[in-house]
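*Asks:*
Chains as they are written, first to last, in my numbering: chain Y, 18 to 306; chain B, 179 to 510.
Right under this line is the structure:
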């Protein structure tokens, strides 16, 4: 072997229905680090890829939402184990993508893994914390249980490529939703590596679908799609949000309103995101004789 | 052997009306050995060629106005099918309502071509479709296997026709065909043809069991010579069901049959066609192989159940500018 070797330039693909297809459009775009040096090529998804992703997410919804909360917790914890196994790769990618010093990148990746474990622990507590047995003035036993909203389109944060992504993705799937994630436009590599982690974990194909590409190109199609039940507009530029909310209203979606400025993702996340993507079902059951 | 039946339907398109084949073709069916000689004399199918041709036509891009036209045409060509052991009169009534008005919110959506059910549910379908243009097709002749004695098969057909079926989908005896007893298959189709009376006859070849394209071509000619109004790919109970290359071979057969006799017979692709994109590929094949004249429900049909919902969703997407979803169409 010679001492100098050529680097292997990678061209990544999308993560869709548990598989890694190229974009239907055949397009890709170069991803660079903060200094402008080439890192890899990423697939540039088209509206048809978004459509296929929604179909895959819908197909996976029955199985994932129907799985026991305990089982979902185990599956998510397994993902955290695999994230831990790829820790060095994530540190390198987060460092290159966000221009962070290695020590900061390291603490960011650790925070992301811890965040994932934290949400894995939430799966079987959601019903007890957000559900209730309601005292009612009648001979009924009335109780409320939270159910997942459905297929969620998530526009991942543009700055925080891993911790931000995990902080918006994990609460969506913890409660049994399935999702289509549009990764941060200029910093997609940690999201792509996360898709490789998910593909080798126990998360069923289609529960998480990750598209890379232009957020502004994909957003209108996902916002107006009649089979998407909720939107997280976090990664969308402020100027486009009003139009997208209007499009979402046309097919009655939940829209998660988040501040335009990205929060400090290292802070404790709270339960707001978990709660936002739940629907409450209340049952009135006659008490009997 | 009996000659092909001479019945004629009134008021139908003269090119598709049932008529005896010309003398030279009628002569071919004189006896089994002549028929066999003719079927073996058909040119062999270039399997690689037909698959390549089917694949290359499948890449053709149909957009905008053409796509809208294709979607509406495909809807008009659908034989809305339910062939389950668990079929109930209620399900057939629901299907009949859907066949009349596939998308009640949009009056511009055309009705489908027919509803396809088992013989015992024909009466229910006829009642549900009274006053509409939608036909009632019934599978018969011991569908889907075709393993029964001829009198049983004919009784099955007579039953369906008596109950009001306007179209009969029969299965050929694949066992007889594959063991080379072409005369038997021919006589059976002819007998069913006679039992159909005014009803249109579709002959199911079950191409998934015929093994080669050459067999598909022979079976197609056999069915056309015996008087089938349509040749149909499959029962939908066997995989593979309809495929593009097989449909190509069958379309070539009806095209060549037209060239020799001047009669236009139809093709029905059934089973496995689930979305609009695939359906449009079939329409392209119909146009390119058989010709533009075949792009009508009287000469080309889709046997499908889930295809219709996808066509409706695509139609909405085209008209409304955003993707639709399964929450907005019926669950069936």
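Idealized CB from N, CA, C, for every residue including glycine.
1. Is it right to say residue 202(B) is buried, meaning 16 or more other beta carbons lie within 10 angstroms of its own, or is it exposed?
2. Shorter than 7 Å from the beta carbon of residue 265(Y) to some beta carbon of chain B?
3. Taking 7 Å as the CB-CB limit, is residue 500(B) close to chain Y?
4. Residue range of the alpha helix (DSSP H) that residue 202(B) falls in?
5. Using CA coordinates, which residue listed in 256(B), 508(B) and 319(B) is at the minimum distance from residue 293(B)?
6. Could you tell me which residues DSSP pairs with residue 57(Y) in its beta bridges?
7. Could you say if the stretch 487–502 of chain B and the stretch 243–260 of chain B meet the contact criterion of at least three C-beta pairs nearer than 8 Å?
8. Quick one, which of 397(B), 431(B), 320(B) and 485(B) has its alpha-carbon nearest residue 357(B)'s?
9. Below 8 Å CB to CB, which residues in the same chain sit around residue 275(B) once its five sequence neighbours on both sides are set aside?
10. Identify which residue in 193(Y), 58(Y) and 277(Y) has its Cα closest to the Cα of residue 89(Y).
11. Could you say which of 335(B), 304(B) and 502(B) lies nearest to residue 319(B) if we only look at CA atoms?
12. Can at least three beta-carbon pairs, one atom from the stretch 246–265 of chain Y and one from the stretch 222–235 of chain Y, be found at a separation below 8 Å?
13. Hey, which unbroken runs of the beta strand (DSSP E) at 3 residues or more fall wholly within the stretch 336–371 of chain B?
14. What are the residues that DSSP puts in a beta bridge with residue 497(B)?
15. Can you pull the chain Y neighbours of residue 209(B), defined as C-beta to C-beta under 8 Å?
16. Flag this pair as yes or no: are the beta carbons of residue 406(B) and residue 381(B) separated by less than 7 Å?
17. Between residue 68(Y) and chain B, is the shortest Cβ-Cβ distance under 7 Å, so that the two count as touching?
18. With 7 Å set as the bound, which would you pick, yes or no: does the beta-carbon of residue 241(Y) sit closer than that to a beta-carbon of chain B?
19. Of the residues 44(Y), 67(Y), 23(Y) and 287(Y), which one's Cα is nearest the Cα of residue 226(Y)?
20. Just the C-alpha distance for residue 140(Y) and residue 453(B), rounded to the nearest angstrom, thanks.
21. Under 8 Å Cβ-Cβ, which residues of chain B neighbour residue 244(Y)?
22. Taking just the CA atoms, how far does residue 317(B) sit from residue 85(Y)?
23. DSSP state of residue 36(Y), grouped into three classes?
24. So if DSSP puts residue 88(Y) in a beta bridge, which residue, or which two residues, is it bridged to?
25. Considering only C-alpha positions, which residue in the set 401(B), 448(B) and 427(B) is nearest to residue 416(B)?
26. Following the continuous alpha helix (DSSP H) through residue 282(Y), name the residue where it begins and the one where it ends.
27. For residue 29(Y) versus residue 59(Y), is the C-beta spacing smaller than 7 Å?
28. Residue range of the alpha helix (DSSP H) that residue 210(B) falls in?
29. Using a 10 Å radius around the Cβ and a threshold of 16 neighbouring Cβ atoms, would you call residue 483(B) buried or exposed?
30. Quick one: complete alpha helix (DSSP H) runs, 4+ long, within the stretch 124–174 of chain Y?
31. Using the beta-carbon of each residue, which ones in chain B are nearer than 8 Å to residue 1(Y)?
32. Would residue 302(Y) be called buried (16 or more neighbouring beta carbons within 10 Å of its own) or exposed?
33. Does DSSP put residue 244(Y) in a helix, a strand or coil?
34. What does the Cβ neighbour count give for residue 505(B), buried or exposed, with the cut at 16 atoms within 10 Å?
35. Sorted by chain position, which residues of the same chain lie with C-beta nearer than 6 Å to residue 414(B)'s C-beta, five sequence neighbours on each side aside?
36. Going by beta carbon distance, what residues of the same chain come within less than 7 Å of residue 399(B), once the five residues before and after it are set aside?
*Replies:* Considering the structure as presented:
1. Classification of residue 202(B): exposed, given that the 10 Å Cβ count is below 16.
2. Residue contact with chain B for residue 265(Y): absent (no Cβ-Cβ distance below 7 Å to any residue of chain B).
3. With 7 Å as the cut-off, residue 500(B) counts as an interface residue toward chain Y.
4. Boundaries of the alpha helix (DSSP H) around residue 202(B): 201–206.
5. Minimum Cα distance to residue 293(B) is reached at 256(B).
6. As computed with DSSP, residue 57(Y) is found in a beta bridge with 48(Y).
7. Yes: the two stretches touch, three or more of their Cβ pairs being nearer than 8 Å.
8. Ranked by Cα distance from residue 357(B), the options 397(B), 431(B), 320(B) and 485(B) are led by 397(B).
9. Closer than 8 Å at Cβ, skipping near neighbours: 306.
10. When each option's Cα is compared against that of residue 89(Y), the closest is 193(Y).
11. If we check each option's Cα against that of residue 319(B), 335(B) comes out closest.
12. Output reads yes: the stretch 222–235 of chain Y touches the stretch 246–265 of chain Y.
13. Given a length threshold of 3 residues, each whole run of the beta strand (DSSP E) inside the stretch 336–371 of chain B is given here in chain order: 345–349.
14. BP columns for residue 497(B) are empty, so no partner.
15. Taking the beta carbon of residue 209(B) as reference, no residue of chain Y falls within 8 Å; the closest one sits roughly 55 Å away.
16. Yes, Cβ-Cβ distance for residue 406(B) and residue 381(B) is below 7 Å.
17. Chain B, which has a Cβ nearer than 7 Å to the Cβ of residue 68(Y), makes this yes.
18. True, the Cβ-Cβ gap to chain B drops below 7 Å.
19. Measuring C-alpha to C-alpha distances from residue 226(Y) to each of 44(Y), 67(Y), 23(Y) and 287(Y) identifies 67(Y) as the nearest.
20. The straight-line gap from Cα to Cα measures roughly 36 Å.
21. The answer, in chain order, is 501, 502, 503, 504 and 505.
22. So the alpha carbons of these two residues sit roughly 44 Å apart.
23. Of the three classes helix, strand and coil, the one that applies to residue 36(Y) here is strand, per DSSP.
24. BP columns for residue 88(Y) are empty, so no partner.
25. If you compare the alpha carbons of 401(B), 448(B) and 427(B) with that of residue 416(B), the shortest gap goes to 448(B).
26. Neither: residue 282(Y) is in no alpha helix (DSSP H) and is coded neither H nor E.
27. Yes.
28. From DSSP, the alpha helix (DSSP H) with residue 210(B) extends over 210–219.
29. Buried, because 16 or more other Cβ atoms sit within 10 Å of the Cβ of residue 483(B).
30. Runs of the alpha helix (DSSP H) spanning 4 or more residues and lying entirely within the stretch 124–174 of chain Y occur at 143–147, in chain order.
31. Because chain Y in this structure spans residues 18 to 306, residue 1(Y) falls outside the shown range and cannot be described.
32. So residue 302(Y) counts as exposed.
33. When secondary structure is reduced to three states using DSSP, residue 244(Y) falls in the coil class, being assigned neither helix nor strand.
34. Around the beta carbon of residue 505(B), fewer than 16 other beta carbons lie within 10 angstroms, which makes this residue exposed.
35. Counting only Cβ-Cβ distances below 6 Å, and skipping sequence neighbours, we find 448 and 449.
36. Cβ within range, chain order: 217, 220 and 431.
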